[in-house]
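In this note's numbering, the protein residues as written are 4 to 144.
Note that the Cβ used here is the ideal one computed from N, Cα and C, for glycine as well.
As the structure is a computational prediction, the values presented were derived from the model and not from experiment.
Here the structure is laid out as structure tokens; the discussion comes afterwards.
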């Protein structure tokens, strides 16, 4: 089974190869670069969020997720899995879904805080889902 981080990288590579979007091949790296000036980060994150909201959504989702891949990985690792009831892959998929859902919501100012905003809100919703799932599992036993 392919790890979700590998799936994100592969999907982004396919987006770059397909040329559905132009000038995005180094965009995730630039978004993760701590030396990128704040105003440039604002512009880059605004571009990604606007692109994701206006489409093509699937292609922009790969850019967004690739930029957030390290944050997603560290968040998934921080939550204990409870196999077989809840696996790390299920946690990852739920977190990814929540990140993409939150990305559709209103403008973020300053946009450079986007990764923090997305991961914190998505992690909170994933934690709520996780606790509901644990309660459901405990009621069945």
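Task: Supposed contact pair residue 18 and residue 51 - C-beta distance, whole angstroms, cut 8 Å - done: Not quite, the Cβ-Cβ distance comes to about 12 Å (not below 8 Å), so this is no contact.
Open item on the list: Give me the DSSP bridge partner(s) of residue 99.
Closed with: Bridge partners of residue 99: none, in fact.
Task: Backbone secondary structure at residue 79 - three-state DSSP - done: helix
Open item on the list: From the DSSP secondary-structure annotation, give me the bridge partner or partners of residue 89.
Closed with: 85
Task: Minimum length 4: unbroken alpha helix (DSSP H) runs contained in the region 19 to 66 - done: 30 to 35 and 41 to 57
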